[in-house]
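Letter by letter, the first sequence follows residues -13 to 397 in my numbering.
Ideal placement from N, C-alpha and C gives every residue a C-beta, glycine not left out.
Predicted, not measured: the structure shown is a model, and the values here were computed from it.
In what follows, a single structure is set out as structure tokens and then discussed.
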Amino acid sequence: MSGFSFEISKSDSGSDARAGVLTTPHGTVNTPAFIPVGTKATVKSVLPESMRELGAQAILSNAYHLYLQPGPEILDSAGGLSKFMNWNGPTFTDSGGFQVLSLGVGFKKVLAMDETTFRDDDVIAENKERLAHVDDDGVTFKSHLDGSMHRFTPEFSMQVQHQIGADIMFAFDECTTLHNTRSYQEIALERTRLWAIRCLDEHQRLTQARSSKPYQALFGVIQGAQYEDLRRQAASTMGAMESSGISFDGFGIGGALNKSELGTIIGWVNQELPREKPKHLLGIGAPEDLFVGVEAGMDTFDCVLASRIARTSAVYTMEGRYNLTNTAYRTDFSPIDEECDCYTCTSYTRAYLNHLFRGKEILAATLATIHNERFIVRLVDQMRTAIINGDFAELKEEFLGRYKHRSTHAN
RNA sequence: GUGGGCGUAGCUCAGCUGGUAGAGCACUCGGUUGUGGUCCGAGAUGUCGCGGGUUCGAGCCCCGUCGUUCACC
């Protein structure tokens, strides 16, 4: 009746990996799946048709960005995000909770994925010129676009996300970093728990008030940083949470995750969450990390990495990643990756891409993004196939053997 | 012809009263994990136009010379 469901079709014998199908009002997603990010209702520089052609099954946008521009009421009037952007397929929206962090403590400074920069007693910046301030009721933002002040509460995030109309929404949470103190993590986690209840309540109210609209699923977000007890507690609490007669349709695993502990942390969370519900690993998408995520039971992923690095010339291949701007590729007339079946690789050479990047041509971003998104989407597709065929472990070993090997070389 | 300015990294230029050269861009190579087409990091690069001179020491001072540019005849 809701139009939303998740079915697990096959489980891996050697790990927690599983293959399934996520059904939404706008179409299905075969899992595990990589969901490309189109923050502002567009995958930067790439046509929706191209995204479909390269195998994308859904697109993830951001409620904070769409709220500021063009405004959720416009998305609502347009018939929802999927139709507005001419994607006409399944969509996700992030709640804007992540922006509490990214705008709050200085963009790109705190999501330390590398343990070498980790310092346990570093306190979150509470004095700097932050664009966001958190309190128990919500978050006050200063727009990065024009400096105007805005306020997000769990209720407001739900209202915005309902207007945007994505098939899968995320609860409004407070994302912390590895730099927060343990005591702050506890405070933030409790706040996220209380906000989750408010999200469920408001979500249920809006679902009933807007019953003529397609059903939108709501995923709760699990925080807890690197602490086992906090992660397990958050997962079991959120997994069992019920309010206004409803529970979460699925879950997102969020927060800053130490790369070397990624699998361990997801593993704790996965053990506590209901097995039958879909799990989305927020913001993770490096090839080697995707194997860890799938192996730990994650069903969907989103990440800006593939498209962001593509815009500055870095591309993935089965042998590792490299930069197309390197001098060596000026006269290299082979494709980015001989084994890739994407539009870019079947039509263009490294030399041409090198030229486009050096000339700062817009097409460079388009072609490189198509390739990288195809590479990641296909990689996760291959994992799904492997799970179904019972040889996930072999795929992982084979891929990582080659990929890491190449990464240690200069070109 | 006369007078003045300028000639320093590939480009645009900094170099205080002389102590054996720097920046930005470009270039080379990394990085970017719920996206501010950004940003960050590392690196390479010079007969300081040329030739003399003064000085312990000259990109800086003096003489000459070449080039360039402006003004005036």
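- Between residue 216 and residue 149, the beta carbon gap of about 33 Å keeps them out of contact (Cβ cut-off 8 Å).
- Nearest neighbour of residue 267 by Cα position, chosen from 260, 261 and 275, turns out to be 275.
- Look at residue 200 here: in three-state DSSP terms it is coil, with no helix or strand label.
- When DSSP states are grouped into helix, strand and coil, residue 369 belongs to the helix group.
- Taking a 10 Å sphere around the C-beta of residue 147, we find 16 or more other C-beta atoms and assign the residue as buried.
- Relative to the Cα of residue -7, the nearest Cα in the group 249, 235, 42 and 29 belongs to 235.
- Per the C-alpha coordinates, the member of 379, 367 and 384 positioned closest to residue 6 is 367.
- The Cβ neighbour count for residue 378, taken over all protein chains shown within 10 Å, is at least 16; the residue is labelled buried.
- At least 8 Å separates the beta-carbon of residue 47 from that of residue 329.
- Residue 311 and residue 280 have their C-alpha atoms roughly 32 Å apart.
- Residue -12 and residue 177 have their C-alpha atoms some 29 Å from each other.
- Between the beta-carbon of residue 203 and that of residue 135 there is about 31 Å, and that puts the pair past the 8 Å contact cut.
- Per DSSP, the unbroken beta strand (DSSP E) holding residue 265 starts and ends at 265 to 267.
- Straight-line measurement puts the Cα of residue 349 at about 38 Å from the Cα of residue 199.
- Rounded to the nearest whole angstrom, the CA to CA distance from residue 244 to residue 223 is 23 Å.
- In this chain, the beta strand (DSSP E) harbouring residue 22 covers 19 to 22.
- Residue 191 holds the alpha-carbon nearest to the alpha-carbon of residue 230 among 374, 55, 191 and 285.
- Taken through DSSP and simplified to helix, strand or coil, residue 88 comes out as helix.
- Counting only residues of its own chain and dropping the five nearest sequence neighbours on each side, residue 263 has a CB closer than 6 Å to the CB of 236.
- The beta carbon of residue 320 sits closer than 7 Å to the beta carbons of 335 and 336 from its chain, once the five residues preceding and following it are set aside; these are given in chain order.
- With 16 or more other CB atoms across the displayed protein chains lying within 10 angstroms of its CB, residue 184 is buried.
- DSSP lists 118 and 136 as the bridge partner or partners of residue 127.
- DSSP places residue 146 within a helical segment (H, G or I) once states are collapsed to three.
- Per the DSSP secondary-structure output, residue 289 pairs in a beta bridge with 22.
- Between the alpha carbons of residue 16 and residue 1 lies a distance of about 19 Å.
- Under the three-state reduction of DSSP, residue -7 is assigned to strand.
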